[in-house]
Amino acid sequence: MKYCNEEMLFEYAAGETDAAGSEQCRLHLDDCPACRAEFDRMVALRSALVFKSAESEEFVQSVMNRVLPDTSALHNPSEADWDALGQTGIWGFLRNWSVPAIQLIFALGIFLLQSERQLPVDIRSGLIAGVSGEFAEEDLSDSVSDLSEAFDISVGDSSL
Amino acid sequence: MPIGKFLFDTEVFSGIDILRGRVHSLTQEADDLEIIAQLRLGKTERFAELVRKYQSRVRGYCTSILSDRTAADDAAQDIFIKVFRGIDKFRADSKFSTWLYRISVNHCRDILRANARRRAESWDTLSEAERESVVDSARRVSGVERVEDRQFIEQTLQLLPAEYREIIILRDGHDLSYEQIAQTLDCSLDAVKARIRRARAQLLEISRHFLDHRNVRRSRGGS
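Chains S and P supply the protein sequences, listed in that same order.
Sequential numbering of the first sequence, starting at 132, is according to our numbering.
Sequential numbering of the second sequence, starting at 16, is according to our numbering.
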């Protein structure tokens, strides 16, 4: 009869022994009623250690009731969250089109500025006065014809 | 040799079972990670799935450690709230269940520490009346039936030091591997093995003490 100590028996009860150890324990238990009784007690003790709590939907709801009011305080969006958000909806549109739109506005502004600087000083002041409505219509006709010449545009008198 | 017998003899079937178990475990882990990813994107309602899945284990662990079902349910709720609030801290370097057990162990330790200020924790410090109450409970039934009795096992566990109680519950009650226990308790594998050996020896000693006490009482009664 091969000897098995208490520690080895408990490991056998827990399924932790290797093949050789299991065989040794099995042979010993076949021949030793005292160890068999001790082993049965270990198995029973071990199975009694499994504390099972019945699944309860009420428990789940209790937890969720505590969790949900917390949601806004809890969720700190990470960079990845913002990235995900940026792929869809209005945020996605703004993210995709804001840079080209700003570039376009900037280019248009430079173009207008350059065009305005190329005009002679009297035409520029005439334009400003025309816009502000300071002169009568007949006073503006000269300035407009000068302006037409400057831009090389032929404009009939009747159209003015 | 018939193929069936060959398969049994060569333990191919047990190998397949182990493989199936591992696949199941991996699927479970993948499910957990998917839910956690959704939670991080703000889909908080999916937390209910995690609670539903793990409530039995967490409540069971708390009950076995605290020996009070009401307190255990309260503790389990608090544990799930901690999990929810700390979900961003989960780095997936271990299984979610291991992380959950770690939070459970620490939470129950805190409760025991608080309780320790109010009541005696070990057999040595129990009053005579309390000792008699435990022994009376152990006396009612005998042998294997006795150790299967819930009250007996709860009282026996209460007489174990807290560090032994938690490790024996994790290993023998919840079937965690030695590696998982090492991660849960944040200690080495050798420390886990040594502590489990000592915990089992002490558990057997305490249970034997009750059973011997019963035998002595019975023989006295018989004579």
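Yeah, the Cβ is synthetic: ideal placement off N, Cα and C, and Gly gets one too.
field: Members of the segment 141-153 of chain S that neighbour chain P once the beta carbon cut-off is set at 7 Å
entry: F141 and A145
task: Using a Cβ-Cβ cut-off of 8 Å, state whether P/D205 counts as contacting chain S.
output: no
- prompt: What is the rounded straight-line gap between the Cα of S/F224 and the Cα of S/V230?
  reply: 11 Å
- prompt: Under a CB-based cut-off of 8 Å, is P/L218 close to chain S?
  reply: yes
field: Contact list for the segment 162-180 of chain S against chain P, Cβ threshold 9 Å
entry: A168, E169, D171, R172, M173, V174, A175, L176, R177, S178, A179 and L180
query: In terms of residue numbering, what span does the alpha helix (DSSP H) encompassing P/K97 cover?
result: R84 to R100
message: For S/F182 and P/I126, what's the separation of their Cα atoms in angstroms?
response: 19 Å
- request: Quick one: using the 10 Å Cβ neighbour count with 16 as the cut-off for buried, is P/E178 buried or exposed?
  value: exposed
query: When you compare only the Cα positions, how much space is there between P/A87 and P/I94?
result: Using only the alpha carbons, I get a separation of about 10 Å.
- prompt: So the alpha helix (DSSP H) S/E138 belongs to, where does it begin and stop?
  reply: E137 to A144
query: Going along the chain, which residues of its own chain have a beta-carbon closer than 6 Å to the beta-carbon of P/L240, five neighbours each way excluded?
result: No answer is possible for residue 240 of chain P: the residues shown for chain P start at 16 and end at 238.
message: Let's test the definition: count the other Cβ atoms within 10 Å of the Cβ of P/V38 and tell me whether it reaches 16, buried, or not, exposed.
response: exposed
field: Cutoff 8 Å: P/V66 Cβ touching any chain S Cβ
entry: yes
field: Which of helix, strand or coil DSSP assigns to P/S157
entry: Here the model assigns P/S157 a pLDDT of 43, short of 50, so the residue's position is not dependable, and the following value carries that caveat. P/S157 falls in the coil class under three-state DSSP.
- prompt: For S/S246, does the count of other Cβ atoms within 10 angstroms reach 16, so buried, or fall short, so exposed?
  reply: exposed
- request: Using a threshold of 8 Å, state whether the C-beta atoms of P/L6 and P/E194 are closer than that.
  value: Given a span of 16 to 238 for chain P in the structure shown, any question on residue 6 of chain P remains unanswerable.
message: Are the CB atoms of S/L180 and P/L188 within a distance shorter than 8 Å?
response: Residue 188 of chain P is actually Gly in this sequence, not Leu. Contact flag set, yes.
- request: Identify the continuous alpha helix (DSSP H) that holds P/F111 and give its terminal residues.
  value: F111 to A131
query: Does the beta carbon of S/V230 come closer than 8 Å to any beta carbon on chain P?
result: By the rule that beta-carbons nearer than 8 Å mark a contact, S/V230 does not touch chain P.
query: Given that S/L160 touches chain P, what residues does it touch there, using C-beta distances under 8 Å?
result: What S/L160 touches in chain P: nothing, since even the nearest Cβ is about 15 Å away.
query: Three-state secondary structure (DSSP) at P/K104?
result: helix
- request: State the DSSP-derived secondary structure class of P/R223, mapped to helix, strand or coil.
  value: helix
message: What does the alpha-carbon distance come out to for the pair S/I241 and S/L235?
response: 10 Å
task: Using beta-carbon positions only, say whether P/C123 and P/I182 come within less than 8 Å of one another.
output: No, the Cβ-Cβ distance between P/C123 and P/I182 is not below 8 Å.
task: Using a Cβ cut-off of 8 Å, pull out every chain S residue sitting near P/I168, in sequence order please.
output: L176, A179 and L180
message: Any heavy atom of the ligand FAD closer than 7 Å to the beta-carbon of S/P164?
response: Looking at this structure, you won't find the ligand FAD or any other ligand, since it has none at all.
query: Are S/E186 and P/S109 close, meaning C-beta to C-beta below 8 Å?
result: No.
- request: Would you mind sorting S/E142 into buried or exposed? The rule is 16 or more other CB atoms within 10 Å of its CB.
  value: buried
message: Tell me the residue span of the alpha helix (DSSP H) that contains P/K68.
response: F62 to L81
message: Mapping the DSSP letters down to three states, classify P/H39 as helix, strand or coil.
response: For P/H39, the three-state secondary structure derived from DSSP is helix.
field: Supposed contact pair S/L176 and P/L218 - C-beta distance, whole angstroms, cut 8 Å
entry: 7 Å
Residue-chain proximity (P/A63, chain S), Cβ-Cβ < 8 Å: yes
query: How should S/G257 be labelled, buried or exposed, when 16 other C-beta atoms within 10 angstroms of its C-beta is the threshold for buried?
result: Here S/G257 is buried: its Cβ has 16 or more other Cβ atoms, across all protein chains shown, within 10 Å.
- prompt: Taking the alpha-carbon positions, what's the P/A199 to P/S112 distance?
  reply: Correcting the residue identity first, residue 199 of chain P is Thr in this sequence and not Ala. Answer to the nearest angstrom: the Cα atoms are 9 Å apart.
query: For P/R55, which residues of its own chain have a beta-carbon under 8 Å away from its beta-carbon, when the five flanking residues on both sides are left out?
result: I102 and D103
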